[in-house]
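Inspection log for the structure reproduced underneath, given as structure tokens.
In full-length UniProt numbering, the protein residues as written are 1 to 198.
Here it is as structure tokens:
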């Protein structure tokens with residue numbers, strides 16, 4: 001016997017049970033709904049194709065037009081990406097160069113300040129050294145004068161150059177003069193007149 005899917009409900013005998021008749025009616029309604037959905041889908045697709053054909057002139061031209069647009073869009077996107085990449089690379093290089101310039105400028109400024117500090121420290125050191133030299137020079141002169149006074153070798157009242165000359169002449173003319181006294185007088189002359197000579 002054939003299944004219910006191939007039977008017409010109107011041709012069935014009245015002797016079928018109610019539940020079987022209801023099942024057959026549900027099957028018929030289900031198939032009709034599936035057929036209606038498929039018909040509606042095909043209708044929408046056909047309308048869409050007709051609309052695209054109307055815009056492009058034909059379905060073939062529409063497909064070709066879409067493909068060309070797709071290629072153009074891809075090329076445009078590729079160009080935009082390359083342009084953006086180039087811009088970012090340029091900004092990155094520019095930032096890196098700016099950072100190097102700032103670093104170089106900072107190093108130059110640091111070297112400049114370092115040189116200024118070294119120059120100031122050198123001046124301070126030279127000033128201190130000059131003060132120390134002056135102090136020890138005065139101290140040495142005072143000690144020599146005291147030692148000469150202690151040896152009872154005070155010359156008569158005369159100028160500095162004559163007094164220094166008398167010291168040296170007196171020290172060289174006497175054979176029994178002790179060497180430390182002669183050395184002290186020579187040192188006294190050097191400290192007093194420096195490189196000026198006698």
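Beta carbons are placed, not taken as given, at the ideal position from N, Cα and C, and that holds for glycine. If you're wondering where the values come from, they're calculated on a predicted model, not measured in any experiment.
- Hey, how far is the Cα of residue 79 from the Cα of residue 40? Locating residue 79 in the chain shown gives position 79, where the first residue counts as 1. Locating residue 40 in the chain shown gives position 40, where the first residue counts as 1. Taking the straight line joining both Cα atoms gives about 43 Å.
- Query: What residues in its chain sit with their C-beta under 6 Å from that of residue 103, if we drop five residues either side in the sequence?
  - Reply: Here the question's residue 103 lines up with position 103 in the chain shown. For residue 103, where only same-chain residues beyond five positions count, there are no Cβ hits under 6 Å.
- Euclidean distance between Cα positions of residue 128 and residue 137: Numbered from 1 along the chain shown, position 128 holds the residue referred to as residue 128. Numbered from 1 along the chain shown, position 137 holds the residue referred to as residue 137. Residue 137 has its alpha-carbon roughly 14 Å from the corresponding atom of residue 128.
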